[in-house]
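Novice: Quick one: structure below, then a few questions.
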Amino acid sequence: MTRSEELFARAQRVIPGGVNSPVRAFKAVGGSPPFIVWGEGSHVRDADGRSYIDYLGSWGPLILGHAYPDVVQAVRDAALSGTSYGAPCPAEVELAERVVRSMPSIEKVRFVSSGTEAAMSALRLARGFSGRNKILKFEGCYHGHADGLLVAAGSGVATLGIPGSPGVPAGTVADTLTAPYNDLRAVEEVVSVHGRDLAAIIVEPVAGNMGCVLPASGYLEGLHDIARRAGALLVFDEVITGFRLGLGGAQAQYRVTPDLTCLGKIIGGGLPVGAYGGRADIMGRVAPEGPVYQAGTLSGNPLAMAAGCAALDALRRPGIYERLSALTARLAGGLAAAAKEAGAEVTINHVASMFTLFFCRGPVTDYRRAKAADTARFARFFHGMLRRGVYLPPAQFEAAFVSLAHTDLDVDATVRAAREAFAE
Ligand SMILES: *Cc1c(COP(=O)(O)O)cnc(C)c1O
């Protein structure tokens with residue numbers, strides 16, 4: 280038994296499934312997860328001393344790589360002055376000013392402690408602001424695990440929500456409508472029936488949670504127009520794409536201005552932080568300025584805020600996003616060539632520093648097409664890569680992330696490993 284296997288056995292006795300977030304348990308790919316004891320730059324090392332090139336990046340936050348010195352220093356300094364006050368602290372203002380400066384659609388921002396809270400709170404606000412109840416989300420998009428957002432992909436075009444988990448009452452998701460991603464006509468149909476009750480359309484502007492799926496040309500503009508006409512708010516869930524696609528997120532890249540934006544992951548520099556923000560008149564409805572209640576004991580704590588500030592400052596240096604995009608494009612090109620050599624049929628979607636290698640014929644533009652991927656083949660490839668020291672997200676329908684710490688040598692080693700793993 281390895282140390283990781285021992286730890287996993289112990290974990291399963293005291294933690295459901297042995298993990299504190301389901302995907303970590305390797306259910307989708309089989310086997311037993313390595314327990315990570317150390318991370319630095321582009322690498323992590325497990326409890327048995329094995330080292331991996333890491334493309335998980337903690338599922339998105341670690342765009343600077345593991346243990347980035349400025350972030351570590353900021354956390355260390357902050358901790359020495361106390362980790363939480365439950366009273367206002369300067370670091371909250373510092374991080375809010377950085378977010379508002381980077382994303383012009385955000386005039387005011389409220390910090391929470393996770394992406395789940397951000398999306399849940401943004402939708403409560405959209406409902407409170409509009410006086411309407413229904414929301415529209417897209418199949419394959421994930422907005423955290425709040426009850427009303429855990430809706431399985433509906434059948435047909437405009438399906439009333441079906442709970443995606445036991446414990447979510449049908450009544451809770453009765454106001455959650457779903458439509459396929461990248462299909463404006465489906466949105467029009469939903470709006471033609473429910474438009475007057477629609478509080479918000481929430482979307483991942485680049486999907487990361489059905490694997491990386493890019494918005495079709497004109498899709499986000501179309502959503503913007505439809506929302507505007509229906510009098511509904513457009514909410515971009517940029518928990519992954521915020522500060523990943525650039526300082527201005529997907530909204531800057533695709534030049535579409537949402538009413539509200541959800542942030543998380545990168546803005547915490549690897550500590551638990553989420554945020555929602557947007558137009559000042561809408562954010563003005565949040566308590567205590569307005570009546571829509573939302574609160575958090577550890578929200579805006581100085582430790583997490585300091586980490587976030589250090590991370591966002593590091594990302595302002597020139598040329599960073601160009602470097603990340605170039606490295607990711609080189610990796611995607613290398614993986615595609617390796618797959619072709621081995622006769623493996625793959626589609627690689629990538630934008631900026633996020634990518635997914637789907638085992639299917641492309642293009643992958645929505646959840647239905649993503650689901651056509653050969654998950655057994657992915658599982659085999661995943662373990663082939665893991666054995667060769669490359670840690671990819673342990674499920675087909677996830678985005679992988681390149682960080683600033685990744686090097687050309689990492690990319691070369693990854694492509695070499697893939698050449699062998701594809702052939703297995
Ligand atoms: C990760 C994620 C969330 C949830 O964030 P947590 O911090 O895990 O609660 C919400 N939306 C998107 C798009 C995400 O990728």
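Sequential numbering of the sequence shown, starting at 280, is according to our numbering.
C-beta: ideal position from N, C-alpha, C; glycine also.
This one's a predicted model, so the numbers in the text were calculated from it and none came from an experiment.
1) What first and last residue would you give for the alpha helix (DSSP H) that runs through His473?
2) Return yes when at least one heavy atom of ligand 1 lies under 8 Å from the C-beta of Asn580, else no.
3) Starting from the N-terminal end, write out each residue whose C-beta falls within a distance shorter than 5 Å of any non-hydrogen atom of ligand 1.
4) Less than 9 Å between the C-beta atoms of Val492 and Thr644, yes or no?
5) Can you give me the C-alpha to C-alpha distance between Pro448 and Arg292, rounded to a whole angstrom?
6) What's the call for Gln352, buried or exposed, on a 16-neighbour Cβ count within 10 Å?
7) Report back the beta-carbon spacing between Gly419 and Tyr460 to the nearest angstrom; my notes put them in contact at under 8 Å.
8) With a CB to CB cut of under 6 Å and the five nearest residues on each side skipped, what residues in its chain are close to Ala290?
9) Ordered along the chain, which non-local residues of its own chain (more than five positions away) have a Cβ less than 6 Å from that of Lys629?
10) Given this structure, state the Cα-to-Cα distance separating Ala702 from Asp325, to the nearest angstrom.
11) Please classify Ile545 as buried or exposed, where buried requires at least 16 neighbouring CB atoms within 10 angstroms.
12) Need the endpoints of the alpha helix (DSSP H) that Leu502 sits in, please.
13) Would Ser384 be called buried (16 or more neighbouring beta carbons within 10 Å of its own) or exposed?
14) Can you find the residues in the same chain that come closer than 7 Å, C-beta to C-beta, to Lys413, ignoring five residues on each side of it along the sequence?
15) Across the region 571 to 589 and the region 321 to 341, are there enough close Cβ pairs to call them in contact, namely three or more that are closer than 8 Å?
16) Kindly list the residues whose CB is nearer than 7 Å to the CB of Gly549, restricted to its own chain and excluding five residues on each side of it in sequence; keep chain order.
17) What number of angstroms, rounded off, separates the C-alpha of Gln530 from the C-alpha of Val514?
18) Should Leu359 go down as buried or exposed, given a rule of 16 or more other Cβ atoms within 10 Å for buried?
19) Secondary structure at Gly297, three-state DSSP: helix, strand or coil?
20) On the DSSP letters alone, give me the boundaries of the beta strand (DSSP E) that Tyr555 sits inside.
21) Can you tell me where the alpha helix (DSSP H) holding Thr607 begins and where it ends?
22) What's the gap between the Cα of Val391 and the Cα of Glu284?
23) Count the other C-beta atoms from every protein chain shown that fall within 10 angstroms of the C-beta of Lys619, then say buried if there are 16 or more, exposed otherwise.
24) Straight-line CA distance for Ser400 to Tyr555?
25) Under DSSP, the alpha helix (DSSP H) around Leu582 begins and ends at which residues?
26) Looking at Val466: is its Cβ nearer than 9 Å to the Cβ of Val430?
27) Grab me the residues of Val436's own chain with a C-beta within less than 6 Å of its C-beta, minus the 5 sequence neighbours each way, in chain order.
28) Indicate whether Ala631 and Tyr347 have their beta-carbon atoms separated by less than 9 Å.
29) Considering only the beta carbon of each residue, do Gly365 and Thr576 sit closer than 9 Å?
Specialist: Walking through what the data contain:
1) As a position in the sequence shown, residue 473 is number 194, starting the count at 1. Where His473 is concerned, the enclosing alpha helix (DSSP H) stretches over Leu463 to His473.
2) The residue given as residue 580 occupies position 301 in the sequence shown. Every heavy atom of ligand 1 is 8 Å or more from the Cβ of Asn580, so no.
3) Selection output, chain order preserved: Ser393, Gly394, Thr395, His422, Gly423, Glu483, Asp516, Val518, Ile519 and Gly543.
4) Position 213 of the sequence shown, counted from the start, is the residue given in the question as residue 492. Position 365 of the sequence shown, counted from the start, is the residue given in the question as residue 644. A Cβ-Cβ contact shorter than 9 Å links Val492 with Thr644.
5) Reading the sequence shown from its first residue, position 169 is the one you call residue 448. Reading the sequence shown from its first residue, position 13 is the one you call residue 292. One C-alpha to the other measures close to 29 Å.
6) In the sequence shown, the residue the question calls residue 352 occupies position 73. It is exposed - the Cβ of Gln352 has fewer than 16 other Cβ atoms within 10 Å.
7) The residue labelled residue 419 in the question sits at position 140 within the sequence shown. The residue labelled residue 460 in the question sits at position 181 within the sequence shown. Sure, about 6 Å apart at Cβ, within 8 Å.
8) As a position in the sequence shown, residue 290 is number 11, starting the count at 1. Gly297.
9) Counting from 1 along the sequence shown, the entry for residue 629 is found at position 350. The identity of residue 629 in the sequence shown is His, whereas the question assumes Lys. Excluding sequence neighbours, His629 sits near Thr607 and Ala611.
10) Translated into positions along the sequence shown, residue 702 becomes position 423. Translated into positions along the sequence shown, residue 325 becomes position 46. Distance between the alpha carbons of Ala702 and Asp325 is about 26 Å.
11) To locate residue 545, count along the sequence shown from 1; it is residue 266. With 16 or more Cβ atoms within 10 Å of its Cβ, Ile545 is classed as buried.
12) Counted from its first residue, the sequence shown places residue 502 at position 223. That run of the alpha helix (DSSP H) goes Tyr498 to Ala509.
13) Locating residue 384 in the sequence shown gives position 105, where the first residue counts as 1. Per the 10 Å Cβ criterion, buried.
14) If you number the sequence shown from 1, residue 413 lands on position 134. Closer than 7 Å at Cβ, skipping near neighbours: Asp454, Leu456, His473, Asp476, Leu477 and Ala478.
15) Two segments are said to touch when three or more pairs of C-beta atoms, one from each, lie closer than 8 Å; by this definition the region 571 to 589 does not touch the region 321 to 341.
16) Start at 1 with the first residue of the sequence shown, and residue 549 comes out as number 270. Once the five neighbours on either side are set aside, the close Cβ partners of Gly549 are Ser337, Pro340, Leu341, Val350 and Ala586.
17) Stepping through the sequence shown from its first residue, residue 530 is reached at position 251. Stepping through the sequence shown from its first residue, residue 514 is reached at position 235. Cα atoms of Gln530 and Val514: separation of roughly 11 Å, rounded to the nearest angstrom.
18) Position 80 of the sequence shown, counted from the first residue, corresponds to residue 359. With fewer than 16 other Cβ atoms within 10 Å, it is exposed.
19) The count along the sequence shown starts at 1 and reaches residue 297 at position 18. Correct three-state label for Gly297: helix.
20) On the sequence shown, residue 555 is found 276 positions in, with the first residue counted as 1. Start and end: Gly553 to Gly557.
21) By 1-based counting over the sequence shown, the position of residue 607 is 328. Ile599 to Ala621 is the span of the alpha helix (DSSP H), which, as asked, contains Thr607.
22) Counted from its first residue, the sequence shown places residue 391 at position 112. Counted from its first residue, the sequence shown places residue 284 at position 5. Approximately 35 Å between the Cα atoms of the pair.
23) Sequence index remark: in the sequence shown, residue 619 carries index 340 (1-based). By the neighbour-count rule (16 or more Cβ atoms within 10 Å), Lys619 is not buried but exposed.
24) If you number the sequence shown from 1, residue 400 lands on position 121. If you number the sequence shown from 1, residue 555 lands on position 276. In this structure, the CA atom of Ser400 is about 8 Å from the CA atom of Tyr555.
25) Counting from one through the sequence shown, the residue named residue 582 turns up at place 303. It spans Pro581 to Leu594 - the alpha helix (DSSP H) in which Leu582 sits, taken as one unbroken run.
26) On the sequence shown, residue 466 is found 187 positions in, with the first residue counted as 1. On the sequence shown, residue 430 is found 151 positions in, with the first residue counted as 1. Going by C-beta atoms, Val466 is not nearer than 9 Å to Val430.
27) To locate residue 436, count along the sequence shown from 1; it is residue 157. Reliability fails at Val436, whose pLDDT of 31 lies under 50, so the model's placement of it is uncertain and the value that follows must be treated cautiously. Answer for Val436: Ala465 and Glu468, listed in chain order.
28) One-based indexing of the sequence shown puts residue 631 at position 352. One-based indexing of the sequence shown puts residue 347 at position 68. No, these two residues do not count as a Cβ contact at 9 Å.
29) Indexing the sequence shown from 1 puts residue 365 at position 86. Indexing the sequence shown from 1 puts residue 576 at position 297. Yes.
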